[in-house]
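Student: 1 is the number that the working numbering gives to position 5 of the sequence shown; each next residue is one higher, with no gaps.
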Amino acid sequence: MKRLLQISLDTLLSSIMPIITWMFLGFIFTKEISNVFSLTYPLQFVYLLFVSLFGIGPNITEQKLKKKNVVSTNLLLGTIIVGLFTLLIVCHIDNYISFMNMDIYTYHDFGIYSVISIYFSFLIQIFSQKLYYENKNNSANKMNVIYHLLSFFSIIIFSIIAQREMYAIVVSLIIQFLMVCYVFVLYFRFSKWNVCFIDNARFTSFGLLSNLGMFLIYGIGFGNSFSYGIKYLSAINFEALTTDAQWDVLTSVDTAVRIDLAKDQFNYKESLKNAYKLLALLIGSILLMNFILYWYYTPDLDILIILLMIQIFDMLIHPLTALRMGYLQVNMNSKKINFYYLISRIGRTLCSFIPSAFCTYIGQIFSGVYLFILSHVKCRKVKDFQLRSKN
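(1) So for S147, helix, strand or coil by DSSP?
(2) If you draw a straight line from the C-alpha of I358 to the C-alpha of I213, how long is it?
(3) Leaving aside the five residues before and after L388 along the sequence, list all residues of the same chain whose C-beta is less than 7 angstroms from its C-beta, in chain order.
(4) Count Cβ pairs between the segment 265 to 283 and the segment 62 to 80 that sit closer than 8 angstroms; are there 3 or more?
(5) Please list, in chain order, all residues of the same chain as I100 whose beta carbon is under 7 angstroms from its beta carbon, the five residues on each side excluded.
(6) For L351, which three-state DSSP category applies?
(7) Suppose the cutoff is 6 angstroms on Cβ atoms and the five residues either side in sequence are ignored; what does the same chain contact list for I299 look like?
(8) By Cβ distance below 7 angstroms, which residues in the same chain neighbour C87 in space, the five residues on each side in sequence not counted?
(9) Give, in chain order, every unbroken run of the alpha helix (DSSP H) that is at least 4 residues long and sits entirely within the segment 161 to 211.
(10) With H, G and I counted as helix, E and B as strand and the rest as coil, what does DSSP make of Y224?
(11) So, helix, strand or coil for N137, using DSSP?
(12) Give me the Cβ distance between Y336 and L370, rounded to the nearest whole Å; I'm assuming they're in contact under 8 angstroms.
(13) Using a Cβ distance threshold of 8 angstroms, determine whether the segment 223 to 239 contacts the segment 302 to 310, with at least three qualifying pairs required.
(14) Among F287, N140, Y224 and L84, which has the Cα closest to the Cα of A353?
(15) Taking the CB atoms as reference points, tell me whether L229 and L246 lie closer together than 9 angstroms.
(16) Below 8 angstroms on the Cβ atoms is my guess for S124 versus N140; work out the distance and round it to an integer in Å.
(17) What distance in whole Å lies between the Cβ atoms of I114 and Y43, which are believed to be in contact at a cut-off of 8 angstroms?
(18) Would you check if the distance between the CB atom of I112 and the CB atom of L169 is smaller than 9 angstroms?
(19) On the criterion of 16 or more Cβ atoms from any shown chain inside 10 Å, does W18 qualify as buried, or is it exposed?
(20) Give the list of continuous alpha helix (DSSP H) stretches no shorter than 4 residues that lie fully inside the segment 269 to 352.
(21) Go through its chain and collect everything with a Cβ distance to P38's Cβ below 7 angstroms, but skip five positions before and after it.
(22) Look at the alpha carbon of K132 and the alpha carbon of K126, and state the distance between them as a whole number of angstroms.
(23) Please work out which residues of its chain come closer than 8 angstroms, Cβ to Cβ, to L391, disregarding the five sequence neighbours upstream and downstream, and give them in chain order.
(24) Quick one: what does DSSP say F123 is sitting in, helix, strand or coil?
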């Protein structure tokens, strides 16, 4: 449970600090600025895809297949490739804002800031994965705490002092860049190339498919939902602000199970018990945040209740699904399992085209229930999946 909480802390910081940042910036400038969180929300899944490919996969490959220099190689590749991708998005930020049916004038500057900050956070995340697999959780915690606190206080303090968006943005990004440079000096060592791209992708195929699908789902779906007007934009943004951090923290269950499986230390009963202890805290925090913040944001209550019911239901079945799918991926890794998983992503993506403001949430229900049933059936048929009897 201690390790799960340590990983959860890092995940919580990477998720909750941007949320708090956008809330405070909304107070400092204008409430509409907080909508930048929803503007760049789909892009987060692209960067999580890169975390899977350049951070999680290489660590599993190095641990499970005993291959050297895979992690350091992919840290370097990830920095360069994802950096170029980030530059491309920044150069076309106005086109992206228009695609999301939002106002270019209002969101241009902070849209750029958000994209670059997500890139720096990506670098912190792939270094965190390296430290987790080296059993250096305390070092990962310190690195994440320092980075996220520096990021938050730099943008907020200079926004208050200068009352100018661009000045605060430039200073904050410079501070984040210097922190990332320090992390490289501290933890990066490179000797020779060993990419192992196929193995990295094989061990994280679910993560790659999931995050690519989520980018398409929310990129298309949010653009669709926001076209229904400010009432839905406000409710969806508020729901995202009060549940996104909890969802990110819940993915620490996935991270912990991958580490255990890579090291042949997986215990189903213990992992499930710890996951639901964590989930109880997360659902409680969702309800508390909604009660406190509702009076300021005042989203449409009927819409908000529908969205929250869907989110909480999906959270309740997630631990069971995550543990079973993680086991299937690392121990079976069959093409058939990947195909079945791909169906859930395709189905959820297609739901984004439904002419409804709730299209992304309809897709969420479909995907969650489908994977829950699939994982239960497949694990029941696997001979080695006698995990309930383990002590």
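Note that the Cβ used here is the ideal one computed from N, Cα and C, for glycine as well.
None of these values were measured; they are calculated from a predicted model.
Tutor: Concretely, from the data shown:
(1) helix
(2) 11 angstroms
(3) This structure leaves residue 388 out entirely; the chain is present only between -3 and 387.
(4) These segments do not touch.
(5) Its chain contains D90, I93 and S94 as the residues whose beta carbon lies nearer than 7 angstroms to that of I100, once the 5 sequence neighbours on both sides are disregarded; these appear in chain order.
(6) In the sequence on display, residue 351 carries Pro and not Leu. Here P351 sits in coil by DSSP.
(7) Taking I299 as the centre and dropping the five residues before and after it, the same chain places the C-beta of A231 closer than 6 angstroms to its C-beta, in chain order.
(8) none
(9) 161 to 183 and 193 to 199
(10) Coil, per DSSP.
(11) helix
(12) Indeed, because the Cβ distance is near 6 angstroms, the residues count as touching under 8 angstroms.
(13) Taking 8 angstroms as the limit for Cβ pairs, the verdict is that the segment 302 to 310 does touch the segment 223 to 239.
(14) Nearest of F287, N140, Y224 and L84 to A353, Cα basis: Y224.
(15) no
(16) Between S124 and N140 a beta carbon distance of about 6 angstroms is seen, short of the 8 angstroms cut, so the two are scored as contacting.
(17) With a Cβ gap of about 5 angstroms, Y43 and I114 count as contacting.
(18) yes
(19) buried
(20) 297 to 327 and 331 to 347
(21) F211, Y214, G215 and F218
(22) 9 angstroms
(23) Because the chain in this structure spans residues -3 to 387, residue 391 falls outside the shown range and cannot be described.
(24) helix
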